[in-house]
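Numbering (the UniProt record's numbering), first residue to last: 1 to 110. Think of the CB as a built atom: it goes at the ideal place given N, C-alpha and C, for glycine as much as any other residue. What follows is one structure encoded as structure tokens, with my remarks underneath.
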């Protein structure tokens with residue numbers, strides 16, 4: 001990675017979504033790993049409009065674009081809008097309901 005990139009302009013590579021994880025719409029996921037440091041990976045991830053479920057890794061992310069609700073199987077939910085900083089724990093089961101394409105900068109443990 002260059003010393004600085006614009007999170008809104010980096011081209012991302014498509015990521016496959018398992019059919020059984022898509023709950024609504026026809027969402028498309030994409031990502032790009034920007035680098036690693038101290039045993040962690042950092043990069044960009046996006047998801048278009050729709051609803052998908054996932055099992056999370058240890059991660060901290062900052063939303064830079066979009067509007068979504070992140071729901072946990074515990075019943076907790078978080079509204080995701082630009083500026084939201086979120087901590088995920090490995091193994092958490094989540095549901096992402098995206099109303100406007102979501103883009104985040106993430107740091108994830110290995």
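Contact check for residue 17 against residue 46 fails: the beta carbons are separated by 7 Å or more. Nearest to residue 62 by alpha-carbon distance, out of 48, 69, 49 and 44, is 44. Shown here, residue 11 sits in coil according to DSSP, grouped into three states, outside any helix or strand. Shown here, residue 19 sits in a helix according to DSSP, grouped into three states. If you compare the alpha carbons of 96, 84 and 19 with that of residue 64, the shortest gap goes to 84.
Comparing C-alpha distances from residue 58 to each of 102, 3 and 88 shows the shortest one belongs to 88.
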